[in-house]
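The numbering used here puts the sequence shown at residues 182 to 464. Everything on this sheet refers to the single structure shown next.
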Amino acid sequence: MRVRQSYEVRIHVYSGKLENTRRIVKPGWTGQGLVFSRSVLTSVLRQFKLTESGVYVLWNDATVDQQPSIYIGSSGTLNERLQVQANSVKLSWSRGVVFTSQGKILNNAHFKHLEAKLVELAKESRRCNPINKNDPRPPALSESDISLAESYLDEMLLCLPFVGIDVFGEPPKPEIKELFLNSKGITARCYIDGERFVVRAGSLAVTEEVGSISRSLSELRRQLIEKDQILEASGDKYKFTKDHPFASPSTAAGVLLGGRTNGNRAWKDKNGRPLKDFRRKEP
Numbered sequence: 182m183r184v185r186q187s188y189e190v191r192i193h194v195y196s197g198k199l200e201n202t203r204r205i206v207k208p209g210w211t212g213q214g215l216v217f218s219r220s221v222l223t224s225v226l227r228q229f230k231l232t233e234s235g236v237y238v239l240w241n242d243a244t245v246d247q248q249p250s251i252y253i254g255s256s257g258t259l260n261e262r263l264q265v266q267a268n269s270v271k272l273s274w275s276r277g278v279v280f281t282s283q284g285k286i287l288n289n290a291h292f293k294h295l296e297a298k299l300v301e302l303a304k305e306s307r308r309c310n311p312i313n314k315n316d317p318r319p320p321a322l323s324e325s326d327i328s329l330a331e332s333y334l335d336e337m338l339l340c341l342p343f344v345g346i347d348v349f350g351e352p353p354k355p356e357i358k359e360l361f362l363n364s365k366g367i368t369a370r371c372y373i374d375g376e377r378f379v380v381r382a383g384s385l386a387v388t389e390e391v392g393s394i395s396r397s398l399s400e401l402r403r404q405l406i407e408k409d410q411i412l413e414a415s416g417d418k419y420k421f422t423k424d425h426p427f428a429s430p431s432t433a434a435g436v437l438l439g440g441r442t443n444g445n446r447a448w449k450d451k452n453g454r455p456l457k458d459f460r461r462k463e464p
C-alpha cells in the first residue's frame with residue numbers, strides 16, 4: 182500500500198446517526214463503499230439495489246479474545262449474495278461493508294482478485310479471526326488488470342479503518358533474494374545490496390543498441406566493454422565476466438537490453454512478480 186502523509190475520505194450518513202448506513206468515497210477514486218448493519222441489510226438492498234459486482238467484508242466485534250471475526254467475499258450480483266449472508270444461521274456477523282466501482286471500471290474478476298488478497302492479508306495480520314473456510318484463488322488476469330485491482334486495493338485499505346475494520350495492516354513486503362530478467366533473447370540475474378543492484382556474473386546482454394538509447398547509457402555500455410572489460414563477447418551476445426553493481430534497476434536493465442528500460446517492471450522474482458510490487462517508489 183502506498184504511504185501517504187495525508188489524504189481525504191468523505192463519509193455520507195444517510196439517517197443522521199453515524200452508526201447507521203454510510204457511504205464512503207475518496208476524491209479522485211472510482212471506488213465507493215457502503216457500510217451497514219446486519220439488522221437493516223434487507224432495507225439497504227431495496228434502497229441501493231447493488232446489482233453490480235463488488236467485494237464485501239462482514240465482521241462481528243463480539244469475540245472472546247477481543248479480535249473481530251471477519252468474513253470476506255465477492256460476487257457478480259451483490260444483492261443476491263448479501264441476501265444469502267443476511268439469512269445465514271451459520272455465519273455470525275453484525276456489521277458489513279461492500280465496495281463497488283463507479284462506472285463499472287472493475288469487473289467480477291477484479292473483485293475476485295481483491296477477495297483473495299484481502300483473505301491473504303487478514304490471515305497474515307493476525308489481528309482478526311478470518312472465518313473463510315477456504316483460501317480463494319485469484320483469477321488469471323493480465324498484468325494491466327492486476328495493476329488496476331492492486332491500485333483499487335490501496336485505496337480500499339485506506340478507507341476500511343474509517344468504517345471500524347482496521348485489521349489488514351500494510352501488505353507484507355516479501356524478501357527479495359534474487360531477481361531475473363528475460364527479454365530479447367537474453368537472461369540475467371541480479372541481487373539487491375543496499376541501494377545497489379548487482380548483476381551477477383554470467384548474465385547476458387544484447388550487442389545492438391536501440392536508436393533511442395541515451396548518450397549516457399550508451400557510454401556506460403562502451404566503458405563496461407572496452408575499459409572495464411565487464412562485458413565480453415559471447416557468441417552474438419555480451420556476457421558479464423563478474424558481478425557488477427548499478428545505481429538503479431533501470432540502469433542495470435538498460436545496459437542489458439541496449440536502451441531505456443523500466444527496471445521496476447523488467448526485473449522479476451522467481452514467481453514472475455515485477456520489482457515494482459516490492460518497492461514504494463520508482464528509483
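Note that the Cβ used here is the ideal one computed from N, Cα and C, for glycine as well.
Per DSSP, what kind of secondary structure is residue i in: helix, strand or coil?
i	result
C340	helix
E391	It is worth fixing the name first, because residue 391 is Val in this sequence and not Glu. Of the three classes helix, strand and coil, the one that applies to V391 here is coil, per DSSP.
P430	helix
V300	helix
G235	strand
R191	strand
N260	helix
A495	Residue coverage of the chain in this structure runs from 182 to 464, which leaves residue 495 outside it and unanswerable.
V436	helix
K418	strand
N201	coil
D409	coil
P353	Because P353 sits at a pLDDT of 47, beneath the cut-off of 50, its placement in the model cannot be relied upon, and the following sentence gives the value as read from the coordinates. In this structure, P353 counts as coil in the three-state DSSP scheme.
R307	coil
I286	coil
V348	coil
S328	helix
V270	coil
So, at 6 Å on beta carbons, what are the nonlocal neighbours of residue i in its own chain, with the 5 sequence-adjacent residues on each side left out?
i	result
D424	V379, R381, A382
L299	I253
P249	W240, D242, C309
L398	G435
S273	N241
L218	This sequence places Ser at residue 218; Leu is not what is there. Excluding residues within five positions, the ones whose Cβ falls inside 6 Å are R276.
S255	V236, F292, K293, E296
Hey, residue i and residue j are a contact pair by Cβ (cut 8 Å); roughly how many whole angstroms apart?
i	j	result
V236	E296	5 Å
I312	I251	7 Å
P426	R377	4 Å
G322	A330	In the sequence on display, residue 322 carries Leu and not Gly. Confirmed, about 7 Å.
L287	L263	So it is not a contact: roughly 18 Å between Cβ atoms.
F280	G214	5 Å
Can you give me the start and stop residues for the beta strand (DSSP E) that residue i sits inside?
i	result
Q213	212 to 218
G277	276 to 282
E413	412 to 415
A369	367 to 374
N363	360 to 364
How would you write the range of the alpha helix (DSSP H) that residue i sits in, first residue to last?
i	result
T223	222 to 229
N315	No alpha helix (DSSP H) holds N315; DSSP gives it neither H nor E.
R454	First-last for R454: undefined, no H or E at that position.
N445	444 to 447
R396	396 to 403
Could you pull out every residue in the same chain whose Cβ sits closer than 8 Å to the Cβ of residue i, ignoring the five residues on either side in sequence?
i	result
D374	P426
R446	P455, L456, K457
K285	E233, S234
Y188	K207, L339
S415	L385
K451	E359, F361
V190	I205, V206, K207, L339, C340, F343
Got a sec? Which residues, its chain only, sit under 7 Å from residue i by beta carbon, not counting five neighbours each side?
i	result
I367	L385, A386, V387, K418, L437
E463	Reliability of the predicted coordinates at E463 is poor, the pLDDT of 39 falling under 50, and the value obtained from them is presented with this limitation in mind. Around E463: N445.
W210	E336
S395	R441
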